[in-house]
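Protein chains in written order, with my numbering: chain D, 8 to 278; chain Y, 11 to 214.
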C-alpha cells in the first residue's frame, strides 16, 4: 500500500536555511546539507527546498546547495523559488533535484508548466498554490476562465503570498493538472505559521478536484493535525517546516503517532 | 567499467551519485561502443516511454543494449529502464519496445491517483542474494503511471500493491530491473544497488 509522505520543508536564502512565520520574520538556523541528512535519518520521506531569495544572482548558490545535497542524501527532493522558465528548471534538475516547484511564474506564464512537463515529464513538475480564504463579499473583477466567481472560497496569491491574483484556487488546480503538473503543493496562507492545523476544507476541495497527489502545507502544530490532513483533508502528503526545524516534534514521533492511528507510513530506519 | 546509459533521462545523475557513494566508478555515456565495452550496464529512466524509445533509437543504442543483455552482461534497468524491456507499452499512444521480456506495459487503474508517487512495499516473490539484508515488504520510492505485466510470471522477483498487484521487480538471467527507484529509496535502495554490484563484480 502506498504510504502517506511526511515532508520537511527547508526555506533557503544565501545557502542557509531559515523559516518565517506567515512569510515574514525570518530566522537563520542551519546548513541545508546537514539538515537534509538529519531529516533523512529521522525518516523524512522527501524534502522540499524553497529558495526564498530567488534573485538571479542567488541561483548559482542554490544550484550548489542542490548539488551538495544530492551527493549525500538519497531520498527525493523538490526545489522551488524563482524558477521562471525551462532553462531554470533544467539547471536545478541537472544539479540533482528530482522535482521543481513552480509558483508565481506558473500563474503569469502557465505555458511553462506544459513546456516543463513535455521536457522533463509530469512527475518532475510540482505547482505550488498559495491560497487564502475569501472574506466578505466577492468582487468579481474580470471574467477569465479561472477567475473567482460568486461561489469561490479561496483565492490564490503570488510573490510569496504578497499579491492577490483574482484566481480561484480550485479552478486553478484543475487547470495546472491539465497543463501537466504531476503534483500540487498546497499552502493555506490563513493557517501557515499559526500551528493551529491545516486548512482541511481547502485541502479536501483541491484533493478531490484533481487526480494527482496533493501535499498539504501550512498550520501543523500537533500530531492530530497531520492525521486530520490525510484523513479529513485527503492529502497524499503533509509538509511542515518550523515544527521539525525547531525540534518541537521529530519526524519519527509524527510517524509513530500516525502509524498507531492506522495510517500507512514508511517505517523509519529499517526500510 | 560500469556504464550508465545517457539518453537524456532526468535521473541518470542521481543513479551515478548513488553508485559513486557506494564506492564504484561510473561512466555516463551515450556512445554505443562504450556500452558494448562495459562490464555492467545500467539503464535509468524517468518520463515518457515513447520519448525514451525515440531517444534510444536516435542515439543508435537499441541494438547495443540488446546485445549486451544477450551476451549475459549484468544489466540493471530502472523505471522506464524496466518498461522498455517488454514487448510493447500502452503509453504514448502505443509503442513497440525491446521485446526481451514478453509482455505489455499497462496504465495503472483509474480509481487511484496517477502517477503513483511515494513509498510502497516490495513483496519479494523469490529468494535471491540481491535481497540479502533487505527485509521482505521493505519500502521503496515509486514514481510511475504505467506498470509491467510480463507474460511469464517466473520473471517476477517482486510485487507491489497499488489498486492492482503489479510486478515491481524483474529478474531474468543477467537482467535485474525495478519499477521503483533504488537510487532514491534511502538506505534500502542503496543496499539493493550494492548487492547487485557486489554479486556482479565478485563473479568476474
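Ideal placement from N, C-alpha and C gives every residue a C-beta, glycine not left out.
| task | Inspect the CB distances between the stretch 193 to 208 of chain Y and the stretch 75 to 95 of chain D and report whether three or more fall short of 8 Å. | result | Using a C-beta cut-off of 8 Å, the stretch 193 to 208 of chain Y makes contact with the stretch 75 to 95 of chain D, since at least three inter-stretch Cβ pairs fall below that distance.
| task | Identify, in the order they occur along the chain, each residue of the same chain with its Cβ nearer than 6 Å to the Cβ of residue 29/Y, setting aside the five sequence neighbours on each side. | result | Position 19 of the second chain, counted from the first residue, corresponds to residue 29/Y. For residue 29/Y, where only same-chain residues beyond five positions count, the Cβ hits under 6 Å are 36.
| request: Could you work out which residues of chain Y lie near residue 78/D, taking near to mean beta carbons separated by less than 7 Å? | output: Numbered from 1 along the first chain, position 71 holds the residue referred to as residue 78/D. Under a criterion of Cβ atoms nearer than 7 Å, the residues of chain Y adjacent to residue 78/D are, in order, 27.
| query | Between residue 220/D and chain Y, is there a C-beta pair that is closer than 8 Å? | reply | Translated into positions along the first chain, residue 220/D becomes position 213. Residue 220/D counts as touching chain Y.
| message | Which residue wins for smallest C-alpha separation from residue 189/Y, given the options 105/Y, 131/Y, 32/Y? | response | One-based indexing of the second chain puts residue 189/Y at position 179. Ranking 105/Y, 131/Y, 32/Y by Cα distance to residue 189/Y puts 131/Y first.
| Whose C-alpha, out of 149/Y, 33/Y, 156/Y, 182/Y, is nearest the C-alpha of residue 218/Y? | This structure cannot speak to residue 218/Y, because chain Y is shown only from 11 to 214.
| said: Does the structure place the stretch 160 to 171 of chain D close enough to the stretch 117 to 132 of chain D that three or more beta carbon pairs sit under 8 Å? | reply: No: fewer than three Cβ pairs fall under 8 Å.
| field | Reduced DSSP category for residue 277/D - H, G, I as helix; E, B as strand; rest coil | value | Looking up residue 277/D in the first chain gives position 270. Because the pLDDT at residue 277/D is just 41, under 50, the model does not fix this residue reliably, and the point stays unresolved.
| field | Minimum C-alpha distance to residue 144/D - residue among 185/D, 159/D, 154/D, 131/D | value | Looking up residue 144/D in the first chain gives position 137. The closest CA to that of residue 144/D, considering only 185/D, 159/D, 154/D, 131/D, is found on 159/D.
| query | What does residue 36/Y pair with, by DSSP beta-bridge criteria? | reply | What you label residue 36/Y is simply residue 26 of the second chain in a count that begins at 1. Beta-bridge pairing links residue 36/Y to 12/Y.
| field | Cβ pair residue 193/D, residue 174/D closer than 8 Å | value | Mapped onto the first chain, residue 193/D falls at position 186. Mapped onto the first chain, residue 174/D falls at position 167. Here residue 193/D is not near residue 174/D, since their CB atoms are 8 Å or more apart.
| What is the C-beta distance between residue 228/D and residue 203/D, in whole angstroms, given that I count them as a contact (C-beta under 8 Å)? | To locate residue 228/D, count along the first chain from 1; it is residue 221. To locate residue 203/D, count along the first chain from 1; it is residue 196. Sure, about 6 Å apart at Cβ, within 8 Å.
| message | Can you look up residue 89/Y in the DSSP assignment and give me helix, strand or coil? | response | Here residue 89/Y refers to the residue found at position 79 when the second chain is read from its first residue. The answer is coil: DSSP assigns residue 89/Y none of H, G, I, E or B.
| said: Between residue 161/D and residue 140/D, how many whole angstroms is the CB-CB distance? I'm expecting something under 8 Å. | reply: For the purposes of this step, residue 161/D is identified with residue 154 of the first chain, where counting begins at 1. For the purposes of this step, residue 140/D is identified with residue 133 of the first chain, where counting begins at 1. Contact holds; Cβ gap of about 6 Å.
| For residue 122/Y, does the count of other Cβ atoms within 10 angstroms reach 16, so buried, or fall short, so exposed? | The count along the second chain starts at 1 and reaches residue 122/Y at position 112. Residue 122/Y is exposed by the Cβ-count criterion.
| Pairing CB atoms from the stretch 154 to 168 of chain Y with CB atoms from the stretch 245 to 253 of chain D, are three or more of them under 8 Å? | Segment contact: the stretch 154 to 168 of chain Y against the stretch 245 to 253 of chain D, fewer than three CB-CB distances shorter than 8 Å; contact not assigned.
| message | Looking at chain D, is there any beta carbon in it that lies within less than 8 Å of the beta carbon of residue 142/Y? | response | Here residue 142/Y is taken as the residue at index 132 of the second chain, counted from 1. The beta carbon of residue 142/Y does not come within 8 Å of any beta carbon belonging to chain D, so the residue lies off that interface.
| field | Contact under 8 Å by Cβ, residue 167/Y with residue 138/Y | value | As a position in the second chain, residue 167/Y is number 157, starting the count at 1. As a position in the second chain, residue 138/Y is number 128, starting the count at 1. Result yes, Cβ atoms of residue 167/Y and residue 138/Y sit closer than 8 Å.
| said: Looking only at its chain, what residues have a beta carbon closer than 8 Å to the beta carbon of residue 20/D, apart from the 5 residues adjacent to it on each side? | reply: Numbered from its first residue, the first chain carries residue 20/D at position 13. In the same chain as residue 20/D, and ignoring 5 residues on each side of it, the C-beta atoms closer than 8 Å to its own belong to 33, 58, 59, 60, 65, in chain order.
| task | Taking all protein chains shown into account, decide if residue 70/Y is buried (16 or more other Cβ within 10 angstroms of its Cβ) or exposed. | result | Here residue 70/Y corresponds to residue number 60 of the second chain, with the count starting at 1. By the Cβ-count criterion, residue 70/Y is exposed, with fewer than 16 other Cβ atoms from all chains shown falling within 10 Å of its own Cβ.
| task | Measure the C-alpha to C-alpha separation of residue 110/D and residue 244/D and round it to an integer number of angstroms. | result | Looking up residue 110/D in the first chain gives position 103. Looking up residue 244/D in the first chain gives position 237. Straight-line spacing of the CA atoms in residue 110/D and residue 244/D works out to 18 Å.
| said: What residue range does the alpha helix (DSSP H) around residue 109/D cover? | reply: As a working note, residue 109/D is residue 102 in the first chain. That residue, residue 109/D, is in no alpha helix (DSSP H); its beta strand (DSSP E) goes 106 to 109.
| field | C-alpha distance - residue 195/Y paired with residue 146/Y, whole-angstrom precision | value | Along the second chain, read from residue 1 onward, the residue named residue 195/Y stands at position 185. Along the second chain, read from residue 1 onward, the residue named residue 146/Y stands at position 136. When rounded, the separation of the alpha-carbon atoms in residue 195/Y and residue 146/Y is 15 Å.
| In chain Y, which residues lie with their C-beta within 9 Å of the C-beta of residue 130/D? | As a first step, residue 130/D must be located in the first chain, where it is residue number 123. Neighbours of residue 130/D on chain Y, chain order: 20, 56, 57, 125, 127, 153, 154, 155.
| task | Following the continuous alpha helix (DSSP H) through residue 117/Y, name the residue where it begins and the one where it ends. | result | Position 107 of the second chain, counting from 1, holds the residue named residue 117/Y. Not the alpha helix (DSSP H): residue 117/Y falls in the beta strand (DSSP E), residues 111 to 117.
| task | Go through its chain and collect everything with a Cβ distance to residue 209/Y's Cβ below 7 Å, but skip five positions before and after it. | result | Working through the second chain from its first residue, we reach residue 209/Y at position 199. 139, 140.
| task | Tell me, please, whether the CB atom of residue 200/Y is closer than 8 Å to any CB atom in chain D? | result | Translated into the one-based positions of the second chain, residue 200/Y becomes position 190. So, interface residue.
| message | Counting only beta-carbon separations shorter than 8 Å, does residue 135/Y have a partner in chain D? | response | As a position in the second chain, residue 135/Y is number 125, starting the count at 1. Not closer than 8 Å to any Cβ of chain D, the Cβ of residue 135/Y fails to qualify, so no.
| request: Pick helix, strand or coil for residue 17/Y, following the three-state DSSP scheme. | output: The residue given as residue 17/Y occupies position 7 in the second chain. In this structure, residue 17/Y counts as coil in the three-state DSSP scheme.
| message | Check whether the stretch 91 to 101 of chain Y and the stretch 172 to 187 of chain Y touch, using three or more Cβ-Cβ pairs below 8 Å as the test. | response | A contact exists between the stretch 91 to 101 of chain Y and the stretch 172 to 187 of chain Y.
| request: Using only alpha-carbon positions, find the residue among 33/Y, 86/Y, 152/Y, 154/Y that is nearest to residue 48/Y. | output: Residue mapping note: residue 48/Y aligns to position 38 of the second chain, counting from 1. Checking every option, the nearest Cα to that of residue 48/Y belongs to 86/Y.
| query | In terms of DSSP beta bridges, what is residue 17/D paired with? | reply | Locating residue 17/D in the first chain gives position 10, counting from the first residue. Under DSSP, residue 17/D takes part in a beta bridge, and its partners are 56/D.
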